[in-house]
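Worksheet: one structure, shown below.
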Amino acid sequence: MKQGKLIRRAVSAVLAGCMMFTLSAPALAESTDALMQLSIAAKSAVSVLDEENGTLKIGNNSFDTETNINEQELGGGTISYDAETHTLTLNGVNIEDSSRDWIIDSNDTDTLLNLVLVGENVIKGKGGIRAHGLKISGTGSLQITATNFDGIICYDQSKENLTIESDVDITAMNGCAIIFGGVCIENGATVKAECLYSGIDCYDLTIDSATEVNLESTGERYNAIYARRDNDGTVAGTANIKNSKLVLKAAYPAFYAADEIEINGGSVEAKSASDVGIFTRGELSITDADIDASGYYFGIGSNGAMEMTGGKLKAVGQKNGVYIRNSLTLNNVEVDAQCEELVAISSKGPMVLNGGKIEAVSKNASGEEAYAIYAGNRYDGDDGDAELLAEGSLTIKGNAKVHVSGYQGIGSDGQTTIGKADIEIDSTDFSIVYPVQIENGNKILSLKGGTNKENATVLDPDDFVWDRPDPNCIGKNAYLHIITGSVADPDEPLDPDFSVDDGSGAAGAIVAGTLIGGAAVWGGYEITTRVILNDLLPEGAAIPANRGELAMLVWQTAGKPEPAAQPAFTDVADAELAKAAQWCVEQGLLDAKDGKFDPNGWMPKFKTIEVWKKAFPNQ
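For the sequence shown, our numbering gives the first residue as 26, with consecutive numbering after it.
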């Protein structure tokens with residue numbers, strides 16, 4: 026996802042400028058102020074210091090930052106300050122003071138304030154800590170209560186950074202918990218915050234190996250994490266989360282970034298009361314993490330591409346579960362996506378479901394735009410029909426196990442390609458819309474369908490209409506269970522100790538049961554059918570690989586009888602094969618359509634068994 030980052034960022038910037046759109050079904054059906062505005066800048070206090078640069082204030086005490094403080098008693102504990110390293114140490118202090126705007130205020134523009142915590146420390150006042158640059162470390166903890174302003178804030182957000190390596194608990198009754206240019210929480214730190222405005226308001230966020238970051242914004246229009254661009258747009262709003270636990274709650278997107286979000290390991294729980302759980306205007310990259318995102322509009326979404334590899338994803342929303350305005354790739358992810366109205370998993374660009382376990386549920390029982398999975402925007406055509414756009418393609422492969430349910434099952438603007446997969450669709454209307462192809466090297470092992478699961482029957486893949494001429498038609502197979510996979514090597518040696526008693530008709534039951542049972546028993550199906558055919562076919566005869574080979578073997582075994590009519594197949598050039606095909610069609614053993622026999626068409630082994638027993642019932 027890093028290739029072409031500059032280009033994609035430029036694209037993301039354009040997309041961000043186009044967010045004020047009317048979203049067409051089956052994607053998000055309406056725009057929202059929450060998505061456009063996302064967060065309002067914090068209403069922070071800005072006081073003018075009486076002292077010149079180089080002043081450190083603690084409560085109502087002022088100190089020169091060039092002067093050491095040696096173990097001075099304050100608030101029931103002690104403070105000390107090392108002027109050379111600019112290190113302020115709090116040891117068990119409890120400071121409450123409302124005479125100034127900030128309990129700790131460092132006005133030294135040239136240095137970063139190192140705040141070291143020993144024991145339990147408590148500060149309470151109008152605002153918590155203000156500094157030009159700040160690092161909090163130590164074995165102790167710090168509890169901050171800000172009654173009027175913010176918990177921790179910097180003077181110039183575009184230049185200054187905050188690092189937290191200790192346990193910090195912030196209550197900001199009328200402000201943000203943290204406002205800094207760059208924020209880094211790392212090395213096992215625990216940060217908890219309850220605030221009126223944003224929990225963390227910054228331009229660049231890194232959370233690495235944090236024990237827990239728990240942020241709750243109680244305001245009506247704010248975020249738990251707000252990684253934004255600066256005023257002139259030169260500083261990107263990015264978030265990089267590694268091996269950490271995040272618990273985020275807010276009215277607006279609980280986790281928002283103006284540029285990109287990258288999550289590697291750990292877990293993120295993001296819940297929005299009235300908007301989106303996780304949202305970025307740029308790219309979204311997730312690796313081996315557990316994500317639980319829920320919101321009113323959708324659980325997780327982005328304007329850029331999303332790629333997730335490994336881990337778990339739960340996405341729940343009123344409109345959509347997952348909503349991506351670019352490409353979506355899920356590699357070996359366990360997915361639980363749910364929505365009430367539209368599409369459980371939706372992407373505007375190509376969607377690839379590669380391996381993993383996918384559960385997608387759209388609970389709308391009658392909506393025309395209610396799909397379980399949809400890639401693209403169905404209503405791009407001027408005449409109301411869908412244009413088959415390549416960017417809306419859908420690919421399911423890699424032994425993916427997919428279960429979907431909704432008013433409509435799976436759809437895409439372009440081609441739907443199925444590789445090795447187990448796909449169960451339980452819909453009210455139709456299962457799959459638009460052309461479907463099976464990826465090279467794979468075959469349909471089992472195809473079961475019907476108007477519902479209870480009356481579903483085994484279908485012949487050759488008879489199933491994949492390419493629907495009318496994109497708005499209602500398919501006859503609302504329930505469809507497709508199992509695809511690679512065909513077993515015909516040269517694989519048989520187990521000489523494996524045998525099947527065909528005398529009682531059990532073989533047919535085994536074949537049917539194995540076929541319906543799925544890919545897990547495909548190897549058993551292969552062995553069973555090959556053993557039966559080795560008993561049925563003439564000694565030394567190879568198992569037919571296609572319709573032409575089967576027709577020729579049946580005709581030759583029957584003594585090469587002359588057909589009643591002259592063969593007239595447009596796709597059979599060989600004279601003997603044409604006679605064999607014509608005779609088999611006349612005997613009702615095989616079929617022909619539109620003057621074509623399809624001699625190279627795939628012939629499943631269980632069908633070969635059926636044809637042979639029909640041709641030679643007394644054998």
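Ideal placement from N, C-alpha and C gives every residue a C-beta, glycine not left out.
Candidates Y396, T334, S234, A400: which alpha carbon is nearest Q363's?
-> Y396
Pick from I463, T170, Q168: whose alpha carbon is nearest that of G510?
-> G510 has its Cα closest to that of I463, out of I463, T170, Q168.
How would you write the range of the alpha helix (DSSP H) that K339 sits in, first residue to last?
-> First-last for K339: 337-342, but that is the beta strand (DSSP E), not the alpha helix (DSSP H).
Same chain, Cβ closer than 7 Å to G475, neighbours up to 5 away in sequence not counted = These residues qualify, in order along the chain: A481, T482, N502, Y504.
Can you give me the Cβ contacts of T595 inside the same chain, cut-off strictly under 7 Å, excluding the 5 residues immediately before and after it?
-> G620, K621
Kindly indicate which three-state DSSP category F631 falls into: helix, strand or coil?
-> helix
State the beta-bridge partners of M376 as determined by DSSP.
-> L353, L419
For N559, does the three-state DSSP call read helix, strand or coil?
-> helix
Inspect the CB distances between the segment 236-252 and the segment 174-188 and report whether three or more fall short of 8 Å.
-> no
7 Å Cβ shell around A67 - same chain, five flanking residues per side excluded = Unreliable positioning characterises A67 in this predicted model, as indicated by a pLDDT of 42, which lies under 50. The coordinate reading is nonetheless provided below. The beta carbon of A67 sits closer than 7 Å to the beta carbons of D175, G200, C201, I204, Y222, S223, D226 from its chain, once the five residues preceding and following it are set aside; these are given in chain order.
So what does DSSP say about N625, is it helix, strand or coil?
-> coil
Buried or exposed: which applies to D485, given that a residue is buried once 16 or more other Cβ atoms fall within 10 Å of its Cβ?
-> Exposed.
Between the CA atoms of G163 and G291 - distance to the nearest angstrom | The straight-line gap from Cα to Cα measures roughly 24 Å.
Between the CA atoms of L353 and G439 - distance to the nearest angstrom | 15 Å
What number of angstroms, rounded off, separates the C-alpha of A589 from the C-alpha of M577?
-> 17 Å
Does DSSP put R572 in a helix, in a strand, or in coil?
-> helix
In three-state DSSP terms, what is A314?
-> coil
Are there 16 or more other CB atoms within 10 angstroms of the CB of V114, so buried, or fewer, so exposed?
-> Here residue 114 turns out to be Thr, not Val, going by the sequence shown. By the 10 Å Cβ count, T114 comes out buried.
K630 versus I421 - alpha carbon distance = Between K630 and I421, the alpha-carbon positions lie close to 26 Å from each other.
Would you kindly work out how many angstroms separate the C-alpha atoms of D315 and G335, rounded to a whole number?
-> 9 Å
Residue burial classification, A567 (beta-carbon count within 10 angstroms, cutoff 16) = Label assigned to A567: exposed.
Every unbroken alpha helix (DSSP H) within the segment 174-235, with a cutoff of 4 residues, ordered by chain = none
So S327 and P375 are in contact, right, with Cβ under 8 Å, and what is the actual spacing, rounded?
-> In fact, because the Cβ distance is near 15 Å, the residues do not count as touching under 8 Å.
K478 in three-state terms, based on DSSP = coil
Local conformation of A545 per DSSP, three classes = Its pLDDT being 40, under 50, A545 is placed unreliably in this model, and the value from its coordinates should be taken loosely. Note: A545 maps to helix in three-state DSSP.
8 Å Cβ cutoff met for G307 and G320 | no
Is DSSP giving T243 helix, strand or coil here?
-> coil
What residue from F88, N119, S242 has the CA that sits closest to Y102's CA?
-> The residue you asked about is not Tyr; residue 102 is Gly in the sequence shown. Closest option to G102, Cα to Cα, is N119.
Taking just the CA atoms, how far does A570 sit from N643?
-> Each residue's alpha carbon lies about 24 Å from the other.
Residue burial classification, T231 (beta-carbon count within 10 angstroms, cutoff 16) | buried
Take the Cβ of D126 as the centre, count every other Cβ of all protein chains shown within 10 Å, and call the residue buried at 16 or more, exposed below.
-> buried
For A640, I'd like the list of residues in its chain whose CB is within less than 6 Å of its CB, leaving aside the five on either flank, ordered along the chain.
-> Within the same chain, A640 has close Cβ partners V579, L614.
Using beta-carbon positions only, say whether I195 and A218 come within less than 8 Å of one another.
-> yes
Any idea what DSSP makes of L519, helix, strand or coil?
-> Residue placement at L519 cannot be trusted, given a pLDDT of 40 that sits under 50; the coordinates are not used to answer.
Can L271 be considered in contact with the ligand MG, in the sense that its beta carbon sits closer than 7 Å to one or more heavy atoms?
-> Among the components of this structure there are no ligands whatsoever, and the ligand MG is therefore not found.
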